[in-house]
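Residue numbers (the working numbering), protein chains in the order written: chain A, 1 to 382; chain B, 383 to 680; chain C, 681 to 1006.
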């Protein structure tokens, strides 16, 4: 299992030494895709993925994650750059000649063929004998629990079952890299939650490289060994889920991951290790030893919702890292309570343990005091 | 991927050649209609001018042509109306399953596949057997409608497929009775289909020969007249002018329909379609997650 | 937590949990959903009456103007000829005459072959057009626009289009002139008009749209991503076509072939105009007999067409895919 990486990886930075040197795995080098003159769907991406890793490409629609995946799979040709798998470039190779296989968002099953024939398709294209393909198909269908439905056509299957067929179809190919394009997007929520756990377990069992594209950040956190957050064609941050969650690098990542309160303002003071920032409704003081921020410079910081402490209004709010806010909505989610607050027009989120719910029930409209520690303030790159 | 692009290019060239094959004769005919008085049936072009168009409108055969054209127009308009009404009502029935829906469907498809000559022959036999004198309106109207009906029916079925019956339920929920709902909700949403059905009925009747041929008994429609002029007598360029004119009428009819449909569809798309964008970064800083899309049942 | 049969170490999904989740969610197959919706709106007592009311007008019209005429033809073919037409006296002499007539069988055979050739040509020449429109063209807007442009001639008088071939194909026609100008031929080609070839070309132009439209319709329903999936799984362009595109277009091919075959068999106007009397079809045979007031005879000749039609519908019945429209 890859080490917890507390170092974040920025685009262009060199990859962890141990992986790059061996020459195995998937390497994206300066990968660029332009549609037309000016629009770069994917802009100069550099990334290394090791075999056995579960990597998630995460970002809003239009950020280039799907295009990147399609380029790896061979369904799009890059405008610039290279894709190297185990030392060999994949450029110019059509999808049928690449050792990658894709699970499509809408499953892309062959409607005129039965489930079994769908799964046997890949081996058939490889010229494998009828008896052997049959066997392989049965094994794959067993893996996904659909042997009983092998002779049905896709239109006779539910969405979840169709997705499992898509999985079986792909697994039977034993690819070097499994590409998943929003694989859970078409499923009902409950099924999504179930299937993402299954995907994770499956990947562990098989030890295959999984590259999974999604815009659901909870899904990304749940399954990924490493998450690649993308925005407008570029990589914003690459790190393990814990780092991405707690140590976002810039405004895009912090905002997209959700549950972050972002303050943008100017630096008011820089004394020793501490930087003070005027963030509008609140003054923030952050512990930032490496910062070279000068007074007057713009700055952005974020505070995790779970780091926000909620207390009685009566205590007042003077000094840095605290402010008064009004409760707008109280969301009880079982293990925790999410408070949606507003302070001077801006919206904030705080998370408190679930057993504090009685304290907030029915308290919409009342004022509370919000505060947080200066260690919990995270400086964001612009 | 490069190979895919070449396929597309070759196919595109083939498509253009195909269009030339389809439209070529009509273009040639149109060109020849603009010859001068020396003009003949084939190339080369002799002179240039509106002589033959003038001949068409004012010449010796002009009167019969005008008479048949008007007859054709009347027949076609009525055909179109009947087709629209029948197609609409048939398709309304098909919004649900019912016992004979398979049989009826094949009957409708049969209308598509029956050669016109069988229809006109059979119909003429039928009335002869009944020993009744008939006019175009009892015979040709019937068979022309039969021809246009399956096309119009398929259009209406497609319209109903896209139609969300939920709006009717919503309308009732809000207090509108059956008829009111029909008039205020259903009709406005499907009228373009009905218009399409009418146009199909109209243009198909306007051009129909086979199904009218053995039924006219002297009262020619335009296509019948054209046939007579072609086979029975000397072909002159005024016939080409006539041909060009009738083609123009057909194409204008189609063009009109598309124009109307495009406008309606564009207006509807802008107002009704939900925005597909999700996961935007505009989370206004409160940390509301850029969540997953609503589940879609396949 | 249970696993599918086998030792602990075998990879696989935890099927029981997944199925449980599916049940909570109420997942159903699309087929069931569609069926369920229709059943809900299904005929129940009063509803059945409404449906009958809606479908009655159209059904009656068709029975009267479609079913009855065809039935009439079959009947008249068994009746006797009179000076003014026919009378309802049963006889088999019309068929006897037919079976004795060599000319009729020759012409029938010719007509049959002719139509078959046209079907094959329509398929070979028309399929690439349908493919281009349905699959190569990716923008929906262009697809619709080009489809309309390709189909527009359908709404013009096919008679006109037939007539228009004369200036194209005649001795001094556009094609001959062009070929001579370019130097490909020295003398005008005679076979371009008033020949089997000419009739074939003209009929092709008139009816190829009946082949293209159904094929286009089927191809347009193919999920693009399933083509990508085929490539992904190791199929090259040709194999993708053979294994994924072609099978799914088959219903369209069958329907188109049936249409073109039957319609060209019954053709007579074009044959007359372009063939100029040298070529015949079942249609011209019938028409000639009608012209000479031999109605029962004409009916008997036409019966062959009726049989072809019935056969066609029967084959169509096998492909119930068409019902999926509804």
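Note that CB positions come from ideal geometry on N, CA and C, so glycine has one too.
Query raised in the report: Taking C-alpha atoms, which residue in C:785, C:834, C:737 lies nearest to residue 632 of chain B?
Result: Of C:785, C:834, C:737, the residue nearest in Cα terms is C:834.
Query raised in the report: So is residue 836 of chain C in contact with chain B if we call contact Cβ pairs under 7 Å?
Result: With its beta carbon less than 7 Å from one in chain B, residue 836 of chain C belongs to the interface.
Query raised in the report: Whose C-beta lies closer than 8 Å to the C-beta of residue 757 of chain C among residues of the same chain, with five residues either side of it excluded?
Result: Beyond the five residues adjoining it in sequence on each side, residue 757 of chain C comes within less than 8 Å, by CB distance, of 774, 775, 976, 979, 980, 982, 983 in the same chain, given in chain order.
Requested in this report: Let me know if residue 393 of chain B comes out buried or exposed under the rule of 16 or more other beta-carbons within 10 Å of its beta-carbon.
Outcome: Classification of residue 393 of chain B: buried, given that the 10 Å Cβ count is 16 or more.
Query - Bridge partners - residue 33 of chain A, DSSP secondary structure assignment - result: In DSSP, residue 33 of chain A forms a bridge with A:42.
Query raised in the report: Should residue 225 of chain A be flagged as near chain C, meaning a C-beta pair shorter than 7 Å?
Result: It does not: the Cβ of residue 225 of chain A has no partner Cβ on chain C nearer than 7 Å.
Query raised in the report: To the nearest angstrom, how far is it from the Cα of residue 985 of chain C to the Cα of residue 592 of chain B?
Result: In this structure, the alpha-carbon of residue 985 of chain C lies about 14 Å from that of residue 592 of chain B.
Requested in this report: Quick one: residues in its chain with C-beta nearer than 6 Å to the C-beta of residue 527 of chain B, no 5 flanking neighbours on either side, listed in chain order?
Outcome: Around residue 527 of chain B: 461, 464, 465.
Query - Cβ-based neighbour list, residue 437 of chain B, same chain, cut-off 7 Å, excluding 5 preceding and 5 following - result: The answer, listed in chain order, is 620.
Query raised in the report: Is residue 874 of chain C buried or exposed, if buried means 16 or more other CB atoms sit within 10 Å of its CB?
Result: Within 10 angstroms of the beta-carbon of residue 874 of chain C lie 16 or more other beta-carbons, which makes it buried.
Query - Rounded distance between the beta-carbons of residue 597 of chain B and residue 471 of chain B, thought under 8 Å - result: Actually they do not touch by this definition, with Cβ atoms about 26 Å apart.
Query raised in the report: Distance, Cα to Cα, residue 353 of chain A vs residue 341 of chain A?
Result: Using only the alpha carbons, I get a separation of about 16 Å.
Query raised in the report: Where do the N-terminal and C-terminal ends of the alpha helix (DSSP H) with residue 136 of chain A fall, by residue?
Result: Unbroken alpha helix (DSSP H) run through residue 136 of chain A: 130 to 144.
Query raised in the report: Using a beta-carbon distance below 7 Å, is residue 448 of chain B in contact with chain C?
Result: It does not; no Cβ of chain C falls within 7 Å.
Requested in this report: For residue 859 of chain C, return the contacting residues in chain B, with the cut-off set at a CB-CB distance below 8 Å.
Outcome: Neighbours of residue 859 of chain C on chain B: none; closest Cβ ~12 Å, over 8 Å.
Query raised in the report: Counting pairs of Cβ atoms below 8 Å between the segment 847 to 864 of chain C and the segment 796 to 812 of chain C, do you hit three or more?
Result: Contact fails: fewer than three Cβ-Cβ distances are below 8 Å.
Requested in this report: Please report how far the alpha carbon of residue 647 of chain B lies from the alpha carbon of residue 572 of chain B, in whole angstroms.
Outcome: If you take the alpha carbons of residue 647 of chain B and residue 572 of chain B, they lie about 11 Å apart.
Query - Partner residues on chain C for residue 394 of chain B, Cβ-Cβ distance less than 7 Å - result: For residue 394 of chain B, the chain C residues whose Cβ falls inside 7 Å of its Cβ are 812, in order along the chain.
Query raised in the report: If we count Cβ pairs, one from each stretch, closer than 8 Å, do we get three or more for the segment 695 to 707 of chain C versus the segment 180 to 191 of chain A?
Result: Enough Cβ pairs lie closer than 8 Å, so yes.
Query raised in the report: Between the segment 225 to 245 of chain A and the segment 44 to 51 of chain A, do three or more beta carbon pairs fall short of 8 Å?
Result: With a cut-off of 8 Å, the segment 44 to 51 of chain A and the segment 225 to 245 of chain A count as touching, because enough Cβ pairs lie within range.
Query - Paired residues, beta bridge with residue 209 of chain A - DSSP - result: Per the DSSP secondary-structure output, residue 209 of chain A pairs in a beta bridge with A:177.
Query raised in the report: Are the segment 488 to 501 of chain B and the segment 562 to 577 of chain B in contact at 8 Å, needing three or more beta carbon pairs?
Result: No: fewer than three Cβ pairs fall under 8 Å.
Query raised in the report: Does residue 701 of chain C have its Cβ less than 7 Å from a Cβ in chain A?
Result: True, the Cβ-Cβ gap to chain A drops below 7 Å.
Requested in this report: Using a Cβ-Cβ cut-off of 7 Å, state whether residue 104 of chain A counts as contacting chain C.
Outcome: Closer than 7 Å to some Cβ of chain C, the Cβ of residue 104 of chain A qualifies, so yes.
Query raised in the report: Leaving out the 5 sequence neighbours to the left and right, which residues in its chain are closer than 8 Å to residue 901 of chain C when beta-carbon positions are compared?
Result: Only 928 meet the Cβ criterion.
Query raised in the report: For residue 710 of chain C, does the three-state DSSP call read helix, strand or coil?
Result: Helix.
Query raised in the report: For the 8 Å Cβ check, are there 3 or more pairs between the segment 791 to 806 of chain C and the segment 543 to 554 of chain B?
Result: With the cut-off at 8 Å, the segment 791 to 806 of chain C and the segment 543 to 554 of chain B do not touch.
Query raised in the report: For residue 510 of chain B and chain C, any beta-carbon pair shorter than 7 Å?
Result: Yes, its Cβ sits closer than 7 Å to a Cβ of chain C.
Requested in this report: Step through the CB atoms of chain C and report whether any lies within less than 7 Å of the CB of residue 112 of chain A.
Outcome: Closer than 7 Å to some Cβ of chain C, the Cβ of residue 112 of chain A qualifies, so yes.
Query raised in the report: Using the C-alpha atoms, what's the distance from residue 748 of chain C back to residue 511 of chain B?
Result: If you take the alpha carbons of residue 511 of chain B and residue 748 of chain C, they lie about 12 Å apart.
Query raised in the report: First and last residue of the alpha helix (DSSP H) that includes residue 332 of chain A?
Result: Not the alpha helix (DSSP H): residue 332 of chain A falls in the beta strand (DSSP E), residues 322 to 332.
Query raised in the report: Is residue 838 of chain C helix, strand or coil when you go by DSSP?
Result: In the structure shown, residue 838 of chain C falls within a helical segment according to DSSP collapsed to helix, strand and coil.
Query raised in the report: Within 7 Å (strictly less), CB to CB, does residue 495 of chain B reach chain C?
Result: Closer than 7 Å to the CB of residue 495 of chain B there is at least one CB belonging to chain C.
Query - Contact list for residue 155 of chain A against chain C, beta-carbon separation under 7 Å - result: Those within 7 Å of residue 155 of chain A in chain C are 709, 710, 711.
Query raised in the report: By how many angstroms is the C-alpha of residue 236 of chain A removed from the C-alpha of residue 250 of chain A?
Result: Going from the Cα of residue 250 of chain A to the Cα of residue 236 of chain A covers about 8 Å.
Query raised in the report: Does residue 934 of chain C have its Cβ less than 7 Å from a Cβ in chain B?
Result: So, not an interface residue.
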